[in-house]
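All remarks here apply to the structure that follows.
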Amino acid sequence: MRAIVLLLVFLLGLAAPAFADDVAAAQSVIRAQERAFSRDDAAAAYSHAAPEIRQLFPQADIFMQMVQQAYTPVYRHKSFEFGEARAAGGRIAQRVHIVDDNGEAWEAMYTLEQQPDGSFKITGCSLLKAGQAV
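Position 45, counted from 1, in the sequence shown is what the working numbering calls 371; the numbers after and before it change by one each time, with no gaps.
Here it is as structure tokens:
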């Protein structure tokens with residue numbers, strides 16, 4: 327029994343750094359896209375989008391226009407802070423707390439997926455005013 331407990335502790339210890347590394351990588355991608363939005367750098371922002379998103383928006387300027395219109399708090403904001411993250415099977419869900427330029431609080435849930443080259447790309451973002459039901 328003690329050997330099983332030690333094995334579980336060992337395996338959990340191995341999983342924690344991988345989880346932390348994946349979350350850090352995902353947050354880096356989200357932060358890079360956020361900075362690209364702040365510079366109005368459509369090409370850089372678009373480079374962090376997963377292939378599925380690129381199929382929906384086949385050009386960087388079309389993608390940027392969609393973000394400007396549908397995700398204004400993501401595009402322009404006063405604050406952008408990471409919250410809870412979950413990781414499983416090469417997928418990350420990352421909550422982001424946003425305060426928009428008008429001082430209103432928002433919750434964004436980014437989803438990312440690990441690509442064949444090991445990088446993470448953004449597969450989606452859902453956005454709700456803070457306090458609204460999902």
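Backbone N, C-alpha and C define an ideal beta-carbon position, used for all residues, glycine too.
Would you give the residue range spanned by the beta strand (DSSP E) that residue i belongs to?
i, result
"Arg421", "Arg417 to Asp426"
"Glu439", "Ala431 to Gln440"
DSSP state of residue i, grouped into three classes?
i, result
"Arg402", "coil"
"Phe446", "strand"
"Phe389", "helix"
"Ala346", "helix"
"Arg412", "strand"
"Gln353", "helix"
Which residues mark the beginning and the end of the alpha helix (DSSP H) in which residue i is found?
i, result
"Tyr372", "Ala368 to Tyr372"
"Pro377", "Pro377 to Leu382"
Can you give the Cα-Cα distance for residue i and residue j, rounded to whole angstroms?
i, j, result
"Phe446", "Asn428", "31 Å"
"Ile356", "Ile448", "8 Å"
"Ala396", "Ala352", "22 Å"
"Arg380", "Asp443", "17 Å"
"Ser452", "Tyr436", "7 Å"
"Ser354", "Glu360", "10 Å"
"Ala386", "Ala362", "12 Å"
"Asn416", "Glu439", "Before going further, note that residue 416 is Gly rather than Asn in the sequence given. The alpha-carbon atoms of Gly416 and Glu439 are separated by roughly 6 Å."
"Asp426", "Ala413", "27 Å"
"Tyr401", "His374", "14 Å"
"Pro384", "Met390", "11 Å"
"Met392", "Glu407", "22 Å"
"Ile388", "Pro399", "18 Å"
"Thr405", "Glu378", "Looking at the sequence provided, one finds Ser at residue 405 rather than Thr. Cα to Cα, the separation comes out at about 28 Å."
"Lys455", "Ala411", "19 Å"
"Gln441", "Gln420", "17 Å"
Between the region 364-379 and the region 417-431, can you find at least three pairs of beta-carbon atoms closer than 8 Å? no
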